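According to my numbering, the sequence shown is numbered sequentially starting from 249. Ideal Cβ positions, reconstructed from N, Cα and C, are used throughout, including at glycine. No experiment lies behind these values; they were computed from the predicted model shown. Take a look at the structure set out below.
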Amino acid sequence: MNGDDLLDHCLAKPGAYLDFPFGPGVAIVKVKAPSQETGRIFCQVFILHGEPTATLSCDPATADEYRALYPDVVVRGYHCPPVQQPYFNTLPLTGAVPDGEILELADRAYAVTVAKLPQYRQRELAAVAAHAPH
């Protein structure tokens with residue numbers, strides 16, 4: 249799994265778009281409903297210590313589960329404020345975590361982020377998904 253593959257996977261989701269609010273070195277994928285001006289971050293891809301790395305949003309229980317499954321590999325959200333760290337996992341895109349697990353975490357990140365949107369925005373995204381080509 250490389251950063252581009254993860255970004256492509258995330259950008260295929262309804263309402264997902266690429267942004268660079270922290271500069272060109274950090275690719276951010278956000279999700280927003282059509283009526284929103286800005287979205288919520290669910291994936292970040294960047295280089296950390298020379299290695300491609302991702303930070304994905306997560307619910308605290310799943311975040312802890314993956315940190316226990318991959319100790320010292322999957323860690324609390326790098327560069328996130330301490331209060332947000334339980335809600336993000338940072339992991340290398342170097343093969344230490346299987347590609348399927350990374351894609352599952354990305355899918356969960358999207359779902360968790362969409363679930364935090366107001367219900368009317370969730371319905372907008374569902375309508376976009378229903379009309380998207382498969």
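T303 sits in a strand when the DSSP states are folded into three classes. The criterion of a C-beta distance shorter than 7 Å is not satisfied by A281 and V293. Between T361 and V274, the gap from beta carbon to beta carbon reaches 7 Å or more. Pairing L341 with G251 gives a Cβ-Cβ distance under 7 Å. Secondary structure at P308: helix, using DSSP grouped into helix, strand and coil. Inclusion of G263 and V376 in the CB contact set at 7 Å is warranted, their separation being smaller than that value. Counted as a single uninterrupted DSSP element, the beta strand (DSSP E) harbouring V277 occupies residues 274-279. Here D347 has M249 as same chain residues with Cβ atoms under 7 Å from its own Cβ, once five neighbours each way along the sequence are excluded. In this structure, the alpha-carbon of D267 lies about 30 Å from that of P319.
CA-to-CA, the gap between S305 and G298 works out to about 22 Å. Apart from the 5 residues on each side of it in sequence, F336 sits with its Cβ closer than 6 Å to the Cβ of T303, S305, G325, C328 in its chain, given in chain order. Nearest to V277 by C-alpha distance, out of H379, L373, A357, Y314, is A357. If you draw a straight line from the Cα of A309 to the Cα of V323, it comes to about 13 Å.
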